[in-house]
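In what follows, a single structure is set out as structure tokens and then discussed.
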Amino acid sequence: MKRWILLKILITPRSFASISKEPIEILKSKGFELLINDTGENYSETQMMRLIKDVDGVIIGTDPLNENVLKEANKLKVISKYGVGTDNIDLDYAKNNNITVTNTPSANSRSVAELVITYIFAHSRRIIEADKKTKEKYQGKIVGNTVNGRTIGILGLGKIGKSVARMAKGLNMNVLACDINEDDQFADRYNVKYVDFVNLIKESDFISCHLPLNSKTENMISSKEFNMMKTDAILINTARSGVINENDLIEALINDKIRGAALDVFNEKLIDIINDNPKINNKIILSPHMGAHTDEAVDKMGVQSAENLIDFFENKTLNSQVV
């Protein structure tokens, strides 16, 4: 068995190996020296600049790996993303400096998709409102809607988007999808209809975002799109907050341009805005970026991110290489 006694690995995700110790044991079995984040918080850019200096590999969560940080990484050979999104990593710098980047796209897709379906039911059956009113001893009826026959539009039909599509079909929903890479075989099997972005926005009862954040997707959904949506549409975002213009979202909710939203990713200032606008409180559901965080997904992300790193050092084929 190959061992790398002198290789140092920085592990930043706070939930890494929090469910089982298998990810740590996998790395220790190879003789790596492990630097584990035990602060209970994300590392800042300044902290990352200091910690990255002499490590050979890093398992990264949402901590910053921008150019300023990576310039300090004199020995870094591989970045193993604990999760899917890589917008906190300067991929161009990594590519230009021969730093390999991997991620774990299959580890958390079901967990995120289940949260999307939870949001759909929560809005359709007005669960948040019902809970609040019932605790206030309200005894009237709260009338919701079934999801049978409703249309969900999925922006980004990757692994998570496909998992959402399969679940939605199981609920007898119509599924529309928009993606730059169309998987016709999947679409035929699950009766998914590919449409362009505008038609998806116009025709969907539920719109679920599963897009990376980049120059093309930033503020992809703003006032123009809200004006095109159905007035009873629900917007769901479990991807990256920058995909949606949150100021325009608030305006759309206040002015009843759409029925509601559910966000697992958002800027913190949004909470204060919502609290200052009681009219929209029941219209928007917020959760603390927990889509990928089920016990099962956390364990899988840990194991896969550790295995990706080991595969790199053993010169094996990387199944989830980003750069």
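According to the UniProt record's numbering, numbering within the sequence shown proceeds without interruption in unit steps and concludes at 323. Here a beta-carbon is modelled for each residue, glycine too, at the ideal position from N, C-alpha and C.
Between which two residues does the beta strand (DSSP E) holding residue i run?
{"i": "Val303", "result": "Looking at the DSSP string, Val303 is not in any beta strand (DSSP E); the run it does join, the alpha helix (DSSP H), is 295 to 313."}
{"i": "Ser27", "result": "Sequence inspection shows Leu at residue 27; the Ser mentioned does not correspond to that position. Element bounds for Leu27: not the beta strand (DSSP E) but the alpha helix (DSSP H), 22 to 28."}
{"i": "Asn174", "result": "174 to 178"}
{"i": "Val58", "result": "57 to 60"}
{"i": "Thr46", "result": "Premise fails: Thr46 lies in the alpha helix (DSSP H), 45 to 51, not in any beta strand (DSSP E)."}
{"i": "Glu33", "result": "33 to 36"}
{"i": "Arg8", "result": "Looking at the sequence itself, residue 8 is Lys, so the reference to Arg does not match. Per DSSP, Lys8 belongs to the beta strand (DSSP E) from 8 to 11."}
{"i": "Ala262", "result": "260 to 263"}
{"i": "Ile285", "result": "284 to 286"}
Which class does residue i belong to by DSSP, given the choice of helix, strand or coil?
{"i": "Asn68", "result": "helix"}
{"i": "Tyr194", "result": "strand"}
{"i": "Ile128", "result": "helix"}
{"i": "Lys81", "result": "strand"}
{"i": "Ser204", "result": "coil"}
{"i": "Leu91", "result": "helix"}
{"i": "Leu213", "result": "coil"}
{"i": "residue 325", "result": "Given that the chain is displayed from residue 1 to residue 323, the structure contains no residue 325 and the question cannot be resolved."}
{"i": "Ile244", "result": "strand"}
{"i": "Val101", "result": "strand"}
{"i": "Ala252", "result": "helix"}
{"i": "Thr231", "result": "coil"}
{"i": "Phe186", "result": "helix"}
{"i": "Phe121", "result": "helix"}
{"i": "Ile142", "result": "coil"}
{"i": "Leu76", "result": "coil"}
Out of the options, state which residue places its alpha-carbon closest to the alpha-carbon of residue i.
{"i": "Ser204", "options": "Cys178, Ile273, Val101", "result": "Cys178"}
{"i": "Ser15", "options": "Ile52, Thr62, Val164", "result": "Thr62"}
{"i": "Leu34", "options": "Glu41, Pro13, Met49", "result": "Pro13"}
{"i": "Asn319", "options": "Gly31, Asp38, Thr102", "result": "Thr102"}
{"i": "Ile52", "options": "Lys8, Ser18, Asn267, Gly40", "result": "Lys8"}
{"i": "Ile59", "options": "Asn199, Met220, Asn42, Ala130", "result": "Asn42"}
{"i": "Leu249", "options": "Asn214, Ile285, Ser215", "result": "Ile285"}
{"i": "Asn245", "options": "Asp232, Leu263, Arg259", "result": "Leu263"}
{"i": "Lys75", "options": "Ile19, Pro64, Thr100, Glu182", "result": "Thr100"}
{"i": "Ser44", "options": "Lys21, Asn68, Ile273, Glu25", "result": "Asn68"}
{"i": "Val116", "options": "Asn281, Ala17, Ala239", "result": "Ala239"}
Grab the span of the alpha helix (DSSP H) containing residue i for me, first residue to last.
{"i": "Ile271", "result": "269 to 275"}
{"i": "Gly161", "result": "159 to 170"}
{"i": "Ser106", "result": "Looking at the DSSP string, Ser106 is not in any alpha helix (DSSP H), and its letter there is neither H nor E."}
{"i": "Lys316", "result": "Counting along the chain, Lys316 falls outside any alpha helix (DSSP H), and DSSP gives it neither H nor E."}
{"i": "Glu225", "result": "223 to 228"}
Report whether the distance from the Cβ of residue i to the nearest heavy atom of the ligand SAH is below 7 Å.
{"i": "Ile207", "result": "Absent from the structure shown: the ligand SAH. Ligands present: none."}
Residue i bridges to which residues according to DSSP?
{"i": "Leu155", "result": "Cys178, Cys209"}
Practice prompt. Flag this pair as touching only if the segment 144 to 151 and the segment 75 to 95 have three or more C-beta atom pairs under 8 Å; answer yes or no.
Written response: Three or more beta-carbon pairs separated by less than 8 Å are not found between the segment 144 to 151 and the segment 75 to 95, which leaves the two stretches without contact.
Discussion item. Within 8 Å, do at least three Cβ pairs link the segment 99 to 117 to the segment 293 to 302?
Written reply: Taking 8 Å as the limit for Cβ pairs, the verdict is that the segment 99 to 117 does touch the segment 293 to 302.
Worksheet item: Do three or more CB pairs link the segment 154 to 173 to the segment 133 to 141 at distances below 8 Å?
Response: Because the criterion of three Cβ pairs below 8 Å is not met, the segment 154 to 173 and the segment 133 to 141 do not touch.
Worksheet item: How do the segment 304 to 311 and the segment 66 to 84 stand: do at least 3 beta-carbon pairs fall below 8 Å, yes or no?
Response: A contact exists between the segment 304 to 311 and the segment 66 to 84.
Worksheet entry | the segment 163 to 181 touching the segment 218 to 229, judged by at least three CB pairs closer than 8 Å | Three or more Cβ pairs closer than 8 Å define a contact, and the segment 163 to 181 falls short of that threshold against the segment 218 to 229.
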